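Participant: Take the sequence shown: its position 38, counting from 1, is numbered 135 in our numbering, and each next residue is one higher. Every residue, glycine too, gets a C-beta built ideally from N, C-alpha and C. Keep in mind that this is a model prediction, so the values were computed, not measured. Here's a structure for you.
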Amino acid sequence: MPLQERKFRTEQKYYLHIHDYEVLRQKVSAMLMMDEHSIHSDGYCIRSLYFDSPHDHALIDKNNGIFNREKYRIRIYNGNDDIISIERKSKRGDYVWKESFRINREEYEWIRSGEYGFLWEKNSPMLRDFYTALAHRAFRPTAIVEYWREAYVYDYGNVRITFDKKLAAGVNSYDLFDSNLVLEEAIQVPQTIMEVKFDSIIPDFIRQIIQPHSHQRSSISKYVLCREVNVKHFKE
């Protein structure tokens with residue numbers, strides 16, 4: 098999809114101390130609906146396999162603050178294969194655009210074994226770009242990222258507020274379904290990551306609830322945090 102046709106959303110990220118999270122959680126949950134995919138009060142578990150070039154372009158672009166950048170990942174939820182999605186997240190400063198395409202477990206295993214040809218045959222420009230990255234730019238798996246997401250939504254403005262907890266990196270495997278996957282915490286201090294996403298405006302009552310200027314805003318990247326963990330375990 099041409100850049101001018103994409104509908105980018107605003108994305109803002111904040112570190113919250115655990116006590117601030119507890120206060121905000123009570124306020125947000127009283128006013129907004131919890132995401133329908135939540136399986137209990139902690140929300141749902143997200144596990145993603147990220148891909149990068151041999152020269153770590155996605156990692157370096159993020160660390161260098163490059164304005165235009167993108168990442169590819171395969172994502173599952175709650176540890177099962179009911180939903181497996183290939184995603185591309187494009188970022189332009191504070192604005193993000195996410196594309197997603199469902200695949201099945203067999204296709205996931207094909208990618209793991211280096212059989213990428215089916216991606217080109219799909220009716221998806223994004224998947225063809227992913228095929229090119231894998232087959233011609235030597236993209237390979239570089240990190241498994243897992244966390245629990247507690248998400249709340251509000252229809253007007255397409256607002257989504259999430260609290261991401263228990264961020265951890267896979268340190269012994271690049272298989273999302275590895276039953277022996279070892280996870281190591283990626284944030285050592287008692288912090289939660291709050292993300293605020295919306296289309297064009299955020300209602301005043303929500304802004305008053307979350308009080309964004311009272312919290313530590315940061316260009317947080319879960320991918321970067323987890324790469325810093327697994328670099329100790331994988332020879333790159």
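Between the Cα of Tyr249 and the Cα atoms of Thr107, Leu129 and Lys104, which residue gives the shortest distance?
Facilitator: Closest option to Tyr249, Cα to Cα, is Leu129.
Participant: Could you check where the beta strand (DSSP E) with Asp261 kicks off and where it finishes?
Facilitator: Looking at the DSSP string, the run of the beta strand (DSSP E) that includes Asp261 is Val256 to Gly267.
Participant: Tell me the rounded alpha-carbon separation between Gln285 and His233.
Facilitator: Rounded to the nearest angstrom, the two C-alpha atoms are 37 Å apart.
Participant: Which residue comes first and which comes last in the beta strand (DSSP E) that contains Phe198?
Facilitator: It spans Tyr192 to Ile200 - the beta strand (DSSP E) in which Phe198 sits, taken as one unbroken run.
Participant: Are the CB atoms of Tyr228 and Tyr244 within a distance shorter than 7 Å?
Facilitator: The answer is no: Cβ separation not under 7 Å.
Participant: Determine, using beta carbons only, whether Glu108 and Lys262 come nearer to each other than 7 Å.
Facilitator: For Glu108 and Lys262, no; Cβs fall outside 7 Å.
Participant: Excluding the 5 residues flanking Ile115 on each side, which residues of the same chain have their C-beta closer than 8 Å to its C-beta?
Facilitator: Hits under 8 Å: Pro287, Gln288 and Thr289.
Participant: Are the Cβ atoms of Thr239 and Glu292 separated by less than 7 Å?
Facilitator: Their beta carbons are not under 7 Å apart, which means Thr239 does not touch Glu292 by this criterion.
Participant: Taking 7 Å as the cut-off, decide whether the C-beta atoms of Leu264 and Ser270 are in contact.
Facilitator: Not a contact, by the Cβ cut-off of 7 Å.
Participant: So is Ser145 buried or exposed if we call it buried at 16+ other beta carbons inside 10 Å?
Facilitator: Result: buried.
Participant: Just checking my contact of Tyr174 with Ile180 at CB under 8 Å: how many whole Å lie between their CB atoms?
Facilitator: That pair is a contact at about 5 Å.
Participant: Are Val242 and Cys323 closer than 7 Å when you measure CB to CB?
Facilitator: Yes; because the gap between Cβ atoms is below 7 Å, this pair is in contact.
Participant: According to DSSP, is Lys159 helix, strand or coil?
Facilitator: Lys159: helix per DSSP, three-state reduction.
Participant: Kindly give me the distance between the Cβ atoms of Arg189 and Phe105, rounded to whole angstroms, as I take these residues to be in contact under 8 Å.
Facilitator: Right, the Cβ-Cβ distance comes to about 6 Å (below 8 Å), so this counts as a contact.
Participant: Taking a contact to mean a Cβ-Cβ separation below 7 Å, would you say Leu224 touches Leu231 in this structure?
Facilitator: No, the pair does not count as a contact, with Cβ atoms beyond the cut-off.
Participant: From this set, Phe198, Tyr253, Arg202 and Tyr251, which residue's C-alpha is nearest Asp226's C-alpha?
Facilitator: When only C-alpha atoms are compared, the closest one is Phe198.
Participant: Assuming Arg185 and Glu203 are in contact, meaning their beta carbons sit under 8 Å apart, how far apart are those beta carbons, in whole angstroms?
Facilitator: Rounded, the Cβ-Cβ distance is 21 Å, inconsistent with contact.
Participant: Along the chain, where does the beta strand (DSSP E) containing His114 start, and where does it finish?
Facilitator: Residues Arg106 to His114.
Participant: Could you give the C-beta distance for Tyr112 and Ile317, rounded to a whole number, given that I count them as a contact under 8 Å?
Facilitator: The Cβ separation is near 7 Å, so the contact holds.
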